[in-house]
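J.: This structure is in structure tokens; I'll ask about it shortly.
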Amino acid sequence: MIRIYNTMSKRKEDFVPLHEGKVGMYVCGPTVYNLIHIGNARPMIVFDTVRRYFEYRGYEVNFVSNFTDVDDKIINKSIEEGVDASVISERYIEECKKDMAAMNIRPATTHPQATREIGGMIEMIQKLIDTGYAYVAKDGTVYYRTRKFRDYGKLSHKDLDNMQTGLRMLAVTGEDQKEDPLDFVLWKPKKEGEPYWESPWCQGRPGWHIECSVMSKEYIGDTIDIHAGGEDLVFPHHENEIAQSEAANCCTFARYWMHNAFLNIDNRKMSKSLGNFFTVRDILGQYDGQVLRYFMLSVQYRSPLNFSRELMESAKTSYERIVNCAENLRFLLEKAAGKDTMTEAEAALLPEADAFRTQFETAMDDDFNTADGISAVFELVKWINSHVDENSSAAFLNKLNEELGTLTDVFGLILVRDKSLDDDLAAYVEAQIAARQAARKARDFAKADAIRDELKAKGIILEDTREGVKWKKA
Ligand code: AMP
Ligand code: ZN
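Each residue of the sequence shown is one higher than the one before, counting from -17 in the working numbering.
Set out below in structure tokens:
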């Protein structure tokens, strides 16, 4: 049974899906006005892994994640560059998709975009006006009447009256059309040079929160299993989404609320506005996307994670140990061709290997504890390394290879070295092998051996096979 920490109840709950065998989950995606930073990558990697684990457990997952493609920051950038706002958003959606692919984040079942769902937003806003949950101000702005929604504050565990004191200031700073400082915008009038849409209230554009209420309804349903995002979204974004959706649809919006903690740098949230960020693109220039993925999953998603070079280096070393194990298995499998039957001794060992899978599942069932899940995989790697050799049967090696592949696939880790980073090494080794072959042909065995020893000193092992010389890292 999978247990999930629900921000709403502040405790871990058994996961019971709305429809048997199915999970409908919505993850708030990025605002696309720039390259994403590695803080934005944390929810992407975390919830892609959650999705993969549900699939591992046999669920069919409808995974929806939006792109916010209309927003002040996008508009400002479009004015700066003198292009249409859609040019900016389409450019950064494409860039974001490239980064996602490099981190082996699977595309969502649907990636809706706010600007393509305006009709649904107008419909929901109208419904809220008709039922008294929203009102139109003189200039055509539509506000949500927050106090009318009795459960407001239930997700962030905030008390409405305390909030009132904090927000009173707003009433005297230009938001005087509001009935109450707590009210928030559903639709706002256009400003000169901004993109706008026709609506019954004014030419304008939607407020931020309404898009997620509409898109999760459209692509999953009135009630969804899981709603997720970074913890900064709990208030006001998710609180406002609940107010909109539950008032409009008259039912529970999301059954489980999951929020990842921040990726920090020097113990402060990494963010564009603080300027303390690295883009995913920066990091991909230095590390394989798999290493970034490993780094993110090395702690459970509700714990803060501090970015540092040391931790990235340590993630690199750990990830490479797993890759080495997989490469060794593939290497031994080639040698074991034809040995299709497992020996009795090997078969007797298998339950020991199975124990790591149980350990992995226990960790992942417990609110997706990827830190302990990865430890289980590590122990499996150690076990494999000490139980396989050149005498192992193909059947045994295949079983272990499959086991390792299945578990690491839940973390989205591809067990093949990034070819682009290794190209230089490969070119060097191939050249040395060619030189050694030439020396042998010329019967200069001393030179051939010297080349072999030199490679060995660099951690490269050569293997003479019938198909030619093969090499691997020691
Ligand atoms: P934004 O584009 O700022 O709306 O962010 C997109 C997603 O990234 C949201 O789920 C945010 O909560 C999340 N996010 C932004 N910065 C961080 C960070 N430093 N650590 C973790 N998640 C973050
Ligand atoms: Zn959202």
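Beta carbons are placed, not taken as given, at the ideal position from N, Cα and C, and that holds for glycine.
Keep in mind it's a predicted model, so treat the numbers as computed, not measured.
Quick check on DSSP: helix, strand or coil for W190?
T.: It is coil, neither helix nor strand.
J.: Assuming D349 and Y(-13) form a contact by the criterion Cβ under 8 angstroms, report the distance between their Cβ atoms to the nearest whole angstrom.
T.: So it is a contact: roughly 5 angstroms between Cβ atoms.
J.: D30: buried (16+ other C-beta within 10 angstroms of its C-beta) or exposed?
T.: Buried is the call here.
J.: Tell me whether C78, by its Cβ, gets closer than 7 angstroms to a heavy atom of ligand 2.
T.: Incorrect: C78 has no Cβ contact closer than 7 angstroms to ligand 2.
J.: Does the distance between the C-beta of G211 and the nearest non-hydrogen atom of ligand 2 fall short of 7 angstroms?
T.: Yes, Cβ of G211 sits closer than 7 angstroms to a heavy atom of ligand 2.
J.: May I ask you to report which of helix, strand or coil DSSP gives K80?
T.: If DSSP states are grouped into helix, strand and coil, K80 belongs with the helices.
J.: Between D204 and ligand 1, is the CB less than 7 angstroms from at least one heavy atom?
T.: Checking every heavy atom of ligand 1 against the Cβ of D204, none is found closer than 7 angstroms.
J.: Hey, is the stretch -5 to 6 in contact with the stretch 318 to 326, meaning 3+ C-beta pairs nearer than 8 angstroms?
T.: Output reads no: the stretch 318 to 326 does not touch the stretch -5 to 6.
J.: In terms of residue numbering, what span does the beta strand (DSSP E) encompassing V32 cover?
T.: Taken as a continuous stretch (DSSP letters only), V32 belongs to no beta strand (DSSP E), being part of the alpha helix (DSSP H) at I20 to Y38.
J.: For a test of the three-state rule: what should DSSP assign to K452, helix, strand or coil?
T.: If DSSP states are grouped into helix, strand and coil, K452 belongs with the strands.
J.: What's the gap between the Cα of N306 and the Cα of K455?
T.: Distance between the alpha carbons of N306 and K455 is about 8 angstroms.
J.: Should D51 and T97 be called a contact, given that it needs their Cβ atoms to be closer than 8 angstroms?
T.: Yes; because the gap between Cβ atoms is below 8 angstroms, this pair is in contact.
J.: Would you mind stating whether G189 and P171 have Cβ atoms separated by less than 8 angstroms?
T.: No. Outside cutoff.
J.: On the CB-based measure, 16 or more other CB atoms within 10 Å of its CB, does F427 come out buried or exposed?
T.: With fewer than 16 Cβ atoms within 10 Å of its Cβ, F427 is classed as exposed.
J.: Indicate the three-state DSSP secondary structure (helix, strand or coil) for L287 in the structure shown.
T.: DSSP places L287 in strand when its eight states are reduced to three.
J.: Cα separation between N16 and A67?
T.: Straight-line Cα distance between these residues: approximately 12 angstroms.
J.: Specify the secondary structure class of D435 as computed by DSSP and reduced to three states.
T.: In the structure shown, D435 sits in a helix (DSSP, three-state: H, G or I).
J.: Locate the beta strand (DSSP E) running through L444, then write down its first and last residues.
T.: I442 to T447 is the span of the beta strand (DSSP E), which, as asked, contains L444.
J.: Would you report the Cα separation of L397 and A297, rounded to the nearest angstrom?
T.: When rounded, the distance between both Cα atoms is 14 angstroms.
J.: Do you know whose CA, among I20, V5, S290 and A421, lies nearest G212's CA?
T.: Here the closest residue by C-alpha is I20.
J.: Return yes when the Cβ of W169 is within less than 8 angstroms of the Cβ of T113, no when it is not.
T.: Not closer than 8 angstroms, so no.
J.: Could you tell me the alpha carbon to alpha carbon distance between V100 and K136, rounded to whole angstroms?
T.: For clarity, residue 100 is Ile in the given sequence; the question names Val instead. Looking at the two C-alpha atoms, the distance is approximately 28 angstroms.
J.: Among E316, E384, N373 and R339, whose alpha-carbon lies nearest the alpha-carbon of K452?
T.: Here the closest residue by C-alpha is E316.
J.: Determine the direct distance from the alpha carbon of T390 to that of A319, and round the result to whole angstroms.
T.: Going by the C-alpha atoms only, they are around 25 angstroms apart.
J.: Looking only at DSSP bridge pairs, what is F49 linked to?
T.: Beta-bridge pairing links F49 to Q95.
J.: Given a cut-off of 8 angstroms on the beta-carbon distance, is the pair L164 and T205 in contact?
T.: No. Outside cutoff.
J.: If you follow the beta strand (DSSP E) that G211 is part of, which residue opens it and which one closes it?
T.: Element bounds for G211: I206 to G212.
J.: Does the stretch 81 to 94 come close enough to the stretch 263 to 283 to have 3 or more Cβ pairs within less than 8 angstroms?
T.: Short answer: they touch.
J.: Would you give the residue range spanned by the alpha helix (DSSP H) that Y117 belongs to?
T.: Per DSSP, Y117 belongs to no alpha helix (DSSP H); it is in the beta strand (DSSP E), A116 to V118.
J.: Is R303 buried or exposed, if buried means 16 or more other CB atoms sit within 10 Å of its CB?
T.: The residue is exposed, with fewer than 16 neighbouring Cβ atoms inside 10 Å.
J.: Looking at the unbroken alpha helix (DSSP H) that takes in P333, where does it start and where does it end?
T.: Segment E326 to D347, the alpha helix (DSSP H) holding P333.
J.: What does DSSP give as the partner residue(s) for A236 in the beta ladder?
T.: BP columns for A236 point to I206.
J.: Roughly how many whole angstroms lie between the Cα atoms of V154 and E174?
T.: Model confidence at V154 stands at a pLDDT of 47, short of 50, so the residue's coordinates are unreliable; what they give is reported in the following sentence. The alpha-carbon atoms of V154 and E174 are separated by roughly 24 angstroms.
J.: What I want to know is whether the C-beta of N458 ends up closer than 7 angstroms to one or more non-hydrogen atoms of ligand 1.
T.: In this structure the chain extends from -17 to 456, so residue 458 is not present and cannot be described.
J.: Would DSSP call D354 helix, strand or coil?
T.: Correct three-state label for D354: helix.
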